[in-house]
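S.K.:
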Amino acid sequence: MVGSIGTALSGLTAQTRRLDASASNVANVRSTGAIPAEDGTTGDKRAAYQPLAVAQTDANPGTRATFTPITPAYLQEYAPDDSAANADGMVAAPNVDPARERINQIAASRAYGANIAVVRTQDEMLTSLLNSKV
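For what it's worth, numbering that gives the first Met the number 0 labels the leading residue of the sequence shown as 0, then goes sequentially.
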């Protein structure tokens with residue numbers, strides 16, 4: 000019985016990480032940076048935000064969530080007045096889709112609620128077991 004609580008708690012942690020990544024992506028959706036050179040450096044200009052996704056893998060018991068970079072990390076955007084713009088007026092804007100992020104947030108919220116329901120049910124079952132008369 001206790002295994003189900005461990006599984007549910009790992010699910011809660013995974014959904015929390017999923018929301019953290021999505022919130023970070025949304026908060027940085029309009030940030031820009033320099034387009035990296037061939038070697039990946041941006042010189043003395045600020046680098047673009049690296050959007051994140053969360054990959055969930057099976058763990059025994061439960062699930063494990065790790066941050067993974069979204070690729071491609073940026074899209075080129077015309078912003079000649081930006082301090083990070085190159086000679087053509089292009090900057091690197093994070094490859095973040097606000098609609099996809101909202102869907103991730105809703106899905107994480109629902110999965111979080113489902114894991115909470117498992118913990119509550121397990122608690123009720125244990126309480127019932129301990130209160131039953133033999």
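Just so you know, even glycine gets a beta-carbon here, dropped at the ideal spot from N, CA and C. Note that the coordinates shown come from a computational prediction; the quantities given were computed from them, not determined experimentally.
Assuming the contact rule is C-beta atoms closer than 8 Å, Asn85 and Gln14 should be a hit. Round their C-beta distance to whole Å, please.
M.R.: Not quite, the Cβ-Cβ distance comes to about 39 Å (not below 8 Å), so this is no contact.
S.K.: Which stretch, first to last residue, makes up the alpha helix (DSSP H) that contains Glu123?
M.R.: Pro97 to Asn130
S.K.: Per DSSP, what are the beta-bridge partners of Leu74 in this structure?
M.R.: Ala92
S.K.: Got a sec? Which residues, its chain only, sit under 7 Å from Ala46 by beta carbon, not counting five neighbours each side?
M.R.: Gly32 and Ala33
S.K.: Please state the DSSP three-state secondary structure of Thr67.
M.R.: It is a strand residue.
S.K.: I'd like the span of the beta strand (DSSP E) that includes Thr56, first residue to last.
M.R.: Thr56: member of the beta strand (DSSP E) spanning Leu51 to Asp57, first to last residue.
S.K.: Considering only residues of the same chain and omitting the five flanking positions on each side of Gln55, which have a CB-CB separation below 6 Å?
M.R.: Ala13, Thr62 and Ala64
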